[in-house]
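Comments concern the structure below.
In full-length UniProt numbering, the protein residues as written are 1 to 459.
Laid out in structure tokens, this is it:
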């Protein structure tokens, strides 16, 4: 850290500071505790004077070239005035800073005229002029060269817009160029500040963003100089390298046949073009795969929902459906969980009925058109496991029975059937909703009236 003494040329007030940067306001004399051998170079950055030390430190005198500031090195009590920091011959020994503070710089500082307001032969901004007082000729009279500072305008020139913007380190840093020693501010599209940094003497900056920007985010960058002037903004959009969220196939809707409605995974349907629905990342293109082969795509709605209907009928059999989303940048999501569905559009055959009499002296299977004294006979047969057998008696539905896993079904009327003729027909509806033809009628007559008692002829 360097030590300074800043002396106001207006109030003569002295301020002692330590650091590597001071911001100058009114006309001042800056006394830096350093020797000439401690200085590596001087340079100008806009209105600032940069003093680079041989130890690697850079001392910045903000606004040095705005007003009529003077720099003096204090080398263990020996004072060296920097009459022009950018000149080759820049140092001049002075006994004290009094003349600089008062604004009087006369020939007691040497025989060479001193021009502190001249930079490289061009008058510094602000219209500083020389008011020369003169004596007579011939060396008898002295001369009094006095600085008249005049009005000095403030720095109102904004920095140029930041440039050469690019991301680095996994898009957690933003690098670029701006006015040297300015403050760079980075904001997101909501106006939130996501990072700040100071540019170095070459105008380079690196802003730590913390969070990686990998999803097409736009950031805006401005530079603010030491006088508070703000540059035009520059924007940069991060490359979108983030894949969409994994989509889901939630349901398939069956709109065909006697059984309709929503289907979950691992169910069977007779609809060869069921409507699939699910969730995904809004705006992405969702592709549906059937057993690993694409069968079409749809766009996910703004609320994250989607629906898809196959363009062609799906073949009968077992299907494994998956989905994947692709965003505008071409990033592809992981595939969804598998949604299993069996397509079955083939109706069962007409059921075959068996009727069993298990009451009285005559028992066993009835023949079509036969008689029985059993008013609760057992009805049975076979079918596809999981199918529903509808039983009709004389055209009226009396019961529905599910076919067991072994393909068999049976039904015994819970209430005694009336005596008389019964015509039984059946239909079978499989798990997919396919309806069989109606079976051929099976007819039997229930007769529980005993015959009259026998009698001998002639009685």
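Where is the CB? At the ideal position from N, CA and C, for every residue including glycine. Because the structure is a prediction, the values reported are computed rather than measured.
Length of the line joining the Cα atoms of residue i and residue j
i	j	result
residue 491	residue 271	Residue numbering for the chain in the displayed model covers 1 to 459; residue 491 lies beyond these limits and cannot be assessed.
residue 80	residue 32	10 angstroms
residue 318	residue 335	19 angstroms
residue 4	residue 41	18 angstroms
residue 87	residue 74	19 angstroms
residue 47	residue 197	20 angstroms
residue 388	residue 285	41 angstroms
residue 9	residue 60	20 angstroms
residue 448	residue 419	7 angstroms
residue 12	residue 95	18 angstroms
residue 203	residue 327	37 angstroms
residue 20	residue 58	7 angstroms
residue 246	residue 333	5 angstroms
residue 102	residue 208	47 angstroms
residue 2	residue 55	11 angstroms
residue 391	residue 312	36 angstroms
residue 35	residue 92	13 angstroms
residue 369	residue 435	27 angstroms
residue 255	residue 407	27 angstroms
residue 201	residue 63	15 angstroms
residue 30	residue 38	16 angstroms
Simplified DSSP assignment, three categories, for residue i
i	result
residue 225	coil
residue 324	strand
residue 369	coil
residue 37	helix
residue 173	strand
residue 392	strand
residue 374	coil
residue 106	Per-residue confidence for residue 106 stands at a pLDDT of 42, beneath the threshold of 50, marking its modelled position as unreliable; no derived number is given.
residue 381	strand
residue 190	coil
residue 70	strand
residue 32	strand
residue 440	coil
residue 4	strand
residue 237	strand
residue 357	strand
Residue i Cβ short of 7 angstroms to the ligand FAD heavy atom set
i	result
residue 322	Absent from the structure shown: the ligand FAD. Ligands present: none.
Buried versus exposed call for residue i [16 or more other C-beta atoms within 10 Å across all chains shown]
i	result
residue 70	buried
residue 365	exposed
residue 166	exposed
residue 155	buried
residue 301	exposed
residue 414	exposed
residue 249	buried
residue 381	buried
residue 151	With a pLDDT of only 47 at residue 151, under the threshold of 50, the placement of this residue in the model should not be trusted; the figure read from the coordinates follows. Exposed: under 16 other Cβ atoms inside 10 Å.
residue 279	buried
residue 473	Shown here, the chain extends from 1 to 459; a query on residue 473 therefore has no answer.
residue 45	buried
residue 338	exposed
residue 239	exposed
residue 397	exposed
Contacts around residue i, its chain only, beta-carbon distance under 8 angstroms, and the 5 residues preceding and following it disregarded
i	result
residue 378	355, 356, 358, 410, 411, 412
residue 422	393, 394, 443, 444, 445, 446
residue 439	350, 351, 352, 353, 425, 426, 427
residue 403	382, 383, 384, 385, 386, 387, 388, 389, 409, 428
residue 23	62, 63, 226
Cutoff 6 angstroms; reference residue i; Cβ partners in own chain excluding five residues on either side
i	result
residue 66	47, 155
residue 175	166, 168, 206
residue 162	176, 178, 221, 223, 234
residue 218	189, 235, 237
residue 6	15, 28, 30
Cβ neighbours of residue i in the same chain (closer than 7 angstroms, five flanking residues each side left out)
i	result
residue 184	162, 178, 196, 197, 199, 205, 207, 221, 223
So within the region 77 to 103, which uninterrupted alpha helix (DSSP H) runs reach at least 4 residues, ignoring any that extend past its ends?
98 to 102
Within the UniProt domain "Bacterial Ig-like" (253 to 345), note down every full alpha helix (DSSP H) run reaching 4 residues or more, in order along the chain.
none
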